[in-house]
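Numbering (the numbering used here), first residue to last: 30 to 168. Each residue gets a CB set at the ideal place from its N, CA and C atoms; glycine is no exception.
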């Protein structure tokens with residue numbers, strides 16, 4: 030089952046997807062796949078969210094600049110994070126103990142990415158790191 034609700038807020042003339050702390054912790058919510066949000070500049074996922082998620086895919090967000098995942102998110106299952114065709118993405122911030130059992134991190138055609146910061150114990154089981162696109166090999 031997919032997450033069906035997220036809050037899109039206007040903040041300082043920008044559109045932001047915001048998931049509040051503790052959002053989406055129903056065991057039936059295993060996938061969050063959103064694509065083609067033309068004007069979203071930030072995605073802010075709070076702490077302790079999406080515990081049973083196994084697939085997080087962000088595709089074709091031309092204006093997305095920042096992805097922030099709080100602490101203790103996506104902790105109950107193995108999973109994958111796919112970020113594809115987000116040409117304005119500059120920063121990915123992932124809080125401690127989030128995605129710790131996830132096995133895949135894939136970034137493709139996110140050519141302006143400048144930083145990926147993770148807290149302790151993130152992606153500890155990651156066996157597949159895929160970076161595709163101009164400049165990503167230098168991260």
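Can you say whether residue 31 is buried or exposed, counting buried as having 16 or more other CB atoms within 10 angstroms of its CB?
In this predicted model, residue 31 has a pLDDT of only 46, less than 50, meaning its place in the structure is not dependable; the value taken from the coordinates is given anyway. Residue 31 comes out exposed.
By Cβ distance, which residues of its chain are closer than 7 angstroms to residue 157, with the 5 residues on each side in sequence left out?
Excluding positions up to five away in sequence, the list reads 132 and 133.
Which residues mark the beginning and the end of the beta strand (DSSP E) in which residue 129 is found?
Segment: none, residue 129 is in no beta strand (DSSP E) and carries neither H nor E.
Tell me the rounded alpha-carbon separation between residue 87 and residue 150.
About 22 angstroms.
For residue 144, count the other beta carbons within 10 Å of its own beta carbon; 16 or more makes it buried, fewer makes it exposed. Which is it?
By the neighbour-count rule (16 or more Cβ atoms within 10 Å), residue 144 is not buried but exposed.
Considering only C-alpha positions, which residue in the set 138, 108 and 99 is nearest to residue 147?
Answer by Cα proximity: 99.
Return the residue from the list 89, 95, 90 and 82 that minimises the CA-CA distance to residue 103.
With distances taken between Cα atoms, residue 103 lies closest to 82.
Relative to the alpha-carbon of residue 137, which residue among 44, 116 and 154 has its alpha-carbon at the smallest distance?
Of the listed residues, the one whose Cα sits closest to residue 137 is 116.
Suppose the cutoff is 7 angstroms on Cβ atoms and the five residues either side in sequence are ignored; what does the same chain contact list for residue 92 look like?
If we look at residue 92 and ignore the five residues flanking it on each side, its Cβ neighbours are 67, 68, 69, 70 and 117.
Counting only the same chain and skipping the five closest in sequence on each side, list residues whose C-beta sits under 6 angstroms from that of residue 130.
Cβ within range, chain order: 107 and 154.
Grab me the residues of residue 50's own chain with a C-beta within less than 8 angstroms of its C-beta, minus the 5 sequence neighbours each way, in chain order.
Taken in chain order, the residues that qualify are 75, 76, 77, 78 and 99.
Can you pull the DSSP bridge partners for residue 118?
Its beta-bridge partners do not exist; DSSP assigns none.
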